[in-house]
Amino acid sequence: MNITSILITIVGIIFIIALYLLSRISQSKLPNKDVSLLPDIKEDNGEPFTSILDDIPARDGIKPTKTAKTEVYYEKVKSAAADKSTLKNASGTKSNTSPAEIQPLKQQIVLFISAQDEQGLDGNLIQPALAHHGLQLGDNDIYHYFDDALDAKSLFKIANGVDPWTLTSHDLINKKLAGLSVVMLPNNKVDGKTAVSILLKTAENLANDINGVLKNDKQQLLTQQDKEMLLN
672 MNITSILITI VGIIFIIALY LLSRISQSKL PNKDVSLLPD IKEDNGEPFT SILDDIPARD
732 GIKPTKTAKT EVYYEKVKSA AADKSTLKNA SGTKSNTSPA EIQPLKQQIV LFISAQDEQG
792 LDGNLIQPAL AHHGLQLGDN DIYHYFDDAL DAKSLFKIAN GVDPWTLTSH DLINKKLAGL
852 SVVMLPNNKV DGKTAVSILL KTAENLANDI NGVLKNDKQQ LLTQQDKEML LN
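Residues 672 to 903 in the numbering used here are what the sequence shown lists, from first letter to last.
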C-alpha cells in the first residue's frame, strides 16, 4: 500500500468520526422525549379545544390567538378555581363572614313569647320544641342557643317568663306557663345582623310550634317594623 492510499484511508476515518460527533451534538439539542402531555381540554360537545391562548402549543399548528374559544376556556378555568376556593372556605372555616366584615352586636335584645289566651303556654310542648330548634338546657337551668364562633358561650338564652326563670322538666311537664323570655346580650365575636336573623327566625318558629305569639321588649306584638329596626 503506497502513501497515497494510506492518506485517503486516514481522511476517510476522520470524516466518519466527524459525522458521528456532529450527529451526537444534534441529538443533544433536541427536546426531551419525556415531556408532559398537553392538557386534554374539551369543548361542550366533547371535541378538543384548538389554539387556546396560553403558553400551551396549539394542537392544530395554528399560532395561538384570542378567540371565542379561548374566552370560554378561561371562563371554565376561573369557574373551576372559584369552586375550589369556595369548597376550601366551606370546609376550613366556621363562618362565611370574615373578621373584617363583622359588625358586632352592640345592643341587648329582649323578646317575649306569650300565650294566646289566659290558659297559658302548654309546658308539654315547650321542651321538645326548644330541643328541635337547637337549644340546650344549661347554666341557671335555662335554655341556650350555642354557636361555634362563640366556643362555650351561647348566642342567646330562653328562660321562663316568671321567677325563678328556670325551665327544668319540673317547670314544664304538665304545667302552664305565662310566657318565655328571649334574651341576646351584646357580643363582639359575632356579626350582629347574622345573630339577630338567627334569633328572630328561631323565636318565630318556636312561638308557632308552642301556639304562642312573639312580642317585643314592650310586650307588644312584634311587627315587621320592629324586625327591621333590630336588623339595622
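Each residue gets a CB set at the ideal place from its N, CA and C atoms; glycine is no exception.
Three-state secondary structure assigned by DSSP to Ile677:
Ile677 sits in a helix when the DSSP states are folded into three classes.
Inter-residue Cα distance where the pair is Ile784 and Glu772:
Answer to the nearest angstrom: the Cα atoms are 32 Å apart.
Can you give me the start and stop residues for the beta strand (DSSP E) that Gly850 sits inside?
For Gly850, the uninterrupted beta strand (DSSP E) run begins and ends at 850–855, by DSSP.
So, under 8 Å CB-CB, Asn858 and Ala866 are touching, yes? Tell me the CB distance rounded to an integer number of Å.
Contact between Asn858 and Ala866 holds: CB atoms are separated by about 7 Å, below the 8 Å threshold.
Cβ neighbour criterion (16 or more within 10 Å) applied to Phe827
Phe827 is buried by the Cβ-count criterion.
Spatially closest choice to Leu877 from Leu690, His803, Leu678, by CA coordinates
Across the set Leu690, His803, Leu678, the C-alpha of His803 shows the shortest separation from the C-alpha of Leu877.
Who are the Cβ neighbours of Asp974 in its own chain at under 6 Å, not counting the five residues just before and after it?
There is no way to answer for residue 974, as the model of the chain reaches only from 672 to 903.
Have a look at Ala786 and Gly794 and give me their C-alpha separation to the nearest angstrom.
Their Cα atoms are separated by approximately 11 Å.
Just confirm the distance between the C-beta atoms of Leu796 and Tyr814, as a whole number of angstroms; I'd bet it's less than 8 Å.
The Cβ separation is near 14 Å, so there is no contact.
Excluding the five sequence neighbours on either side, which residues of its own chain have a C-beta within less than 6 Å of the C-beta of Leu843, listed in chain order?
Around Leu843, the same chain offers Gly794, Ile797, Gln798 as residues with beta carbons nearer than 6 Å, after the five sequence neighbours per side are excluded.
Residue range of the alpha helix (DSSP H) that includes Asn795:
Going by DSSP, Asn795 is part of the alpha helix (DSSP H) stretching over 794–803.
Among residues of its own chain, excluding the 5 on either side of Leu971, which ones have a beta-carbon nearer than 6 Å to its beta-carbon?
Because the chain is modelled from 672 through 903, residue 971 falls outside the range shown and cannot be assessed.
Assign Thr873 to one of two classes, buried (16 or more other C-beta atoms within 10 Å of its C-beta) or exposed (fewer than that).
Classification of Thr873: buried, given that the 10 Å Cβ count is 16 or more.
How many Å lie between Leu806 and Asp812 at the Cα?
The C-alpha of Leu806 lies about 12 Å from the C-alpha of Asp812.
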